[in-house]
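Just below is one structure, and these are the notes that go with it.
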Amino acid sequence: MKRQIQVALGILITFIAVAIVFHSCKPGKEAVKGEAAEAALATYVPPGDLDEFYLFYSGGHSGQIFVAGIPSMRHICTIPVFTPYPSTGYGFDKETKEMLGGYTWGDAHHPALSETNGDYDGRWLFINDNANNRIARIDLRDFKVKQILGPIPNLSGNHGSTFVTENTEYVTIATRFSVPVPKGTYVPVEEYAKKYHGIVALVEVDPKTGEMRMDEKHGFQVLMPPFNFDLGDAGKGPSHGWVFWTCYNSERATGILEITASQNDRDYIAAVNWKKAEEYLKAGKYKLISGVRVIDPKEAPGVVYLMPCAKSPHGVDVSPDGKWIVGSGKLQSITTVYNFEKMLKAIENKDFVGEEDGIPVLRYESVREAEVPVGLGPLHTQFDDKGYAYTSLFVESAIAKWKLGTWEVVDKIPIAYNIGHLCVPEGDTKHPAGKYVIALNKLSHGRHLSVGPSQPEASQLIDITGEKMRLLYDAFTEPEPHYAQAIRADKLKDKVIEVYQKGIDNKDPNAIWDEKDAKVVRKGNTVEVWMIAVRSRFQPWKIEANQGDKVIIHLTNIEQTTDELHGFAICEYDINVVVDPGETKTIEFVANKPGVFPFYCTNFCSALHQEMQGYLLVKPKGGAGIAQK
Amino acid sequence: MIENKVEHIKMKEIIQKWEKLQDTPLNLRSRILVLISVIFLVSVFIFPLWRMQFFATFYPDGLKLYIYSYKLEGGKTAGRDDLREINTLNHYIGMKPLSQSDFAEFTYLPFVFGALGLLTLRAVVLGKVSTLVDLIVMYFYVGFFSILDFYNKLYTYGHNLAPDAPIKVQPFTPPLFGKKLIAQFTVYSYPSLGTIGMFLTIVTLIIALILTSKEVKS
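Right under this line is the structure:
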């Protein structure tokens, strides 16, 4: 008994000793502080200093774009795109209302900065709407949406978009959902495999104005089997002229897709030769469907090929030199690298293993260059300036760093938590900027102050300048960024304007620049107002209308100074626009509510901002108003 | 008596000398200098006469105002129109907007300078010492008159404030020369290239005068 107690005590003492030793081996508080201080210095942008890169996050189902600075990760502004946004008055004036086309939201997934010779040129930013099949173009001169194209005919679920070609000849589209074509056709879902279609498409971009066009003369669509197309990337350098898209559900299944579409060991990457397609268009070998040129691959050999890719691939990314096409099978633990040259050779040799609705399937072994054992659930790949690739691993919640050419995984960093896309500044161009990778994570729990069940999204800034990746910073955004792109800030430095200069940037025929030109004109049942806003008044400050009149207000902010914005809201009329310095906006509404409605400046402007107000007086139909009784 | 007479003769000699000096045509070097002085004068048509700058926290680079002989101009960048901005801010204290049409000076000043220029050119060809003296006096007169006129304008703008202005301030005179604090603004006011050009014109003319006079004396 005594001996047993001695043994037990001995074990206990040993245990405590070991525990103490282990405890003291852990990095002390001092060490942690040192690392944190280094990371803090690496991200700290002192007051008044500016960030090195712009980061454009897609806003997901918020329908917006979020703009942040790197390395501070500070949110700078939100660019409203598919969703009305009272902050900037977007979707309340005539022009933006018309652009939104009655839709109140969109699902913004993949921003694409315009390119010249395969590098970002800082002209435009494109963003897709997966829900309503649209694409928007933001002008980076004033960070505002200039065009929303769509809903685009024939296609549904514009997910594999908006990756641009090397010189922004085209903005790309690939459908996540398949539907009977044209839209509006009714076919029972049981006939899905044969009568439903996916579509990949290229929207033509005017090289001068950036205007996107898809009609009987511009852009085209390719009718595809009913696979679910996922993500894409345009070729560059030697592979310029091609676009690559992944797809899952090569099973052509319906129902519970998580099972029915996960049966094949390999799905595909579709390689589309758009230069070849242009030849068919020139020769008139296409069908006009809903006013859009549609190419059927059966009748246009050489336009589309399929490369087998490991189980339900998600991302496909072309290396900076354009030689390698990296496809990631999200239900696998490898990333596949395809060799573009080998692909061309296989096509030349007709090295096919089958076909899908007339589209040849290339032999996997002939086109594959390497299988990189990156880890579980690879999704997307970005590149740096030193020949490394970075692949996000959703299931493993990590980023793998690997070397192009040797295909070795050299480092891995855990991510909090469950990374989706990732972004290296200019990391999908011919000349990546490197320096950082930003992880765009799906789950953030426990990394921020609790805000209840509805949780924000997390993004993490990681330093990639050293051999080992180093976590620097956690940032949080509204739901829900998918992809983001980052551009060197100095590329935009001389391009961005902060004031619409009279006569130069503002050519609105209804703009007025002098208080003396402010007026109210009645024509029949329409009351048209030319109004100015300036610190701290509206002129005219009084609008009289009869109940039922149409009221049109052309409001010009005649300020010519940076950051002197004015708002214009009418109480209980659900109207709020914001006019930037030198901007003119037109507001239209029917004065259907009788009474007296104050209007006022919503965007704090000056010491006498509160005084900046006026009245909309609506005379009731048939005489006396309530107040006069 | 005799002494008086000597004095008288001396006096006469001085006056004669003086009159002779007045009638002496300018020598070549002086004529060249007079020509150069006209070239300096051209600056009043090209450059601002005066420059004012208004610094505040929100305007770290300063709002700029340039006064030319023929126009008023604010600094202008893609992000700001300074004249517009100055007027927007001044309306809060009830100051009249600065506008071109309120300055009669802009219509006659260029003619005055033009006339001076022509007279100076005339002196290059027909110049005597007396012409130079007249010219220098005229230049001084125009210069002082303009500066006084400018001060008067500054005073008037700063003292005729609308009684219903939202912000009441003590009437003030913006600085003519140097630095002054006005509300949240630090204002700097200095002569600009046009005035410096005119100053050089006068200096050159004085040198020309001295050169010829010295030659006569020796």
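Chains W and L supply the protein sequences, listed in that same order. Per my numbering, residue 1 is the first one in the first sequence, and the count goes up by one each step. Per my numbering, residue 1001 is the first one in the second sequence, and the count goes up by one each step. Glycine included, C-beta positions come from ideal geometry on N, C-alpha and C.
The residue among W:Leu149, W:Ser62 and W:Met73 with its C-alpha nearest the C-alpha of Gly106 (chain W) is W:Ser62. Ranked by Cα distance from Phe394 (chain W), the options W:Lys403, W:His380, W:Lys386 and W:Trp407 are led by W:His380.
The beta carbon of Leu1109 (chain L) sits closer than 8 Å to the beta carbons of Ser1069, Tyr1070 and Ser1146 from its chain, once the five residues preceding and following it are set aside; these are given in chain order.
Taking C-alpha positions only, Gly446 (chain W) is separated from Ile415 (chain W) by approximately 13 Å. Beta-bridge partners of Arg537 (chain W) (DSSP): W:Val534. The contact set of Ala1078 (chain L) on chain W, defined by CB atoms closer than 8 Å, consists of Ile497, Glu498, Val499 and Gln501 in chain order. DSSP places Ser366 (chain W) in the helix class (H, G or I) of the three-state scheme. Among the residues facing chain L, Gln613 (chain W) is not included, as its CB has no counterpart in that chain under 9 Å away. When the five nearest sequence neighbours on each side are left out, the beta carbons in the same chain lying within less than 6 Å of the beta carbon of Ala136 (chain W) are those of Val81, Ile127, Val145 and Ile148, in order along the chain.
The closest CA to that of Cys605 (chain W), considering only W:Asn506, W:Phe568, W:Ile504 and W:Asn592, is found on W:Phe568. When C-beta distances to chain L are compared with 9 Å, every residue of the region 242–265 of chain W stays at or above that value. In this structure, the CA atom of Ser1130 (chain L) is about 16 Å from the CA atom of Leu1118 (chain L). Not a single C-beta of chain L is nearer than 9 Å to the C-beta of Arg123 (chain W). Look at the beta carbons and you see the region 472–492 of chain W touching the region 447–463 of chain W: at least three pairs across the two are nearer than 8 Å.
Spanning the alpha carbons of Gly614 (chain W) and Asp1149 (chain L) requires a straight line of approximately 42 Å. Looking at the backbone, the Cα of Leu1200 (chain L) and that of Ser1037 (chain L) are separated by about 7 Å. Any Cβ of chain W closer than 9 Å to the Cβ of Ile1167 (chain L) would place that residue at the interface, and such an atom is present. Interface criterion not met: the Cβ of Thr1057 (chain L) is under 9 Å from no Cβ in chain W. Taking 4 residues as the minimum length, the alpha helix (DSSP H) runs contained wholly in the region 324–348 of chain W are 340–348, in order along the chain. For Asp1102 (chain L), no CB of chain W lies under 9 Å from its own CB, so it is not counted at the interface with that chain. Against chain W, a Cβ distance below 9 Å from Glu1085 (chain L) picks out Glu559, Gln560, Thr561 and Glu564. Closer than 7 Å at the C-beta level to chain L, one finds these residues of the region 525–538 of chain W: Val534 and Arg535.
Neighbourhood of Leu608 (chain W) in chain L, by CB distance below 9 Å: Tyr1092, Pro1166 and Ile1167, in chain order. For Met224 (chain W), the enclosing beta strand (DSSP E) starts and ends at Phe220 to Met224. Around Asp1061 (chain L), no beta-carbon contact reaches into chain W at under 7 Å, the shortest distance being about 11 Å. A straight line joining the alpha-carbon of His482 (chain W) with that of His109 (chain W) spans about 5 Å. In terms of beta-carbon proximity, Asp1023 (chain L) stays away from the interface with chain W, with every pair separated by 9 Å or more. In terms of Cα proximity to Gly315 (chain W), the closest of W:Met307, W:Val326 and W:Tyr90 is W:Val326.
Here the alpha carbon of Phe143 (chain W) sits roughly 39 Å from the alpha carbon of Leu257 (chain W). Beta-bridge annotation (DSSP): Ile438 (chain W) is paired with W:Cys423 and W:Leu461. For Asn576 (chain W), the enclosing beta strand (DSSP E) has its first and last residue at Ile575 to Val579. Using a Cβ-Cβ distance cut-off of 8 Å, the region 68–80 of chain W and the region 558–578 of chain W are not in contact, since fewer than three pairs of beta carbons, one from each stretch, lie closer than that value. In the DSSP assignment, His609 (chain W) is bridged to no other residue.
Within the same chain, and ignoring the five residues on either side of Val496 (chain W) in sequence, the residues whose Cβ sits closer than 8 Å to its Cβ are Leu140, Arg141, Asp142 and Phe143. Straight-line measurement puts the Cα of Val409 (chain W) at about 29 Å from the Cα of Phe56 (chain W).
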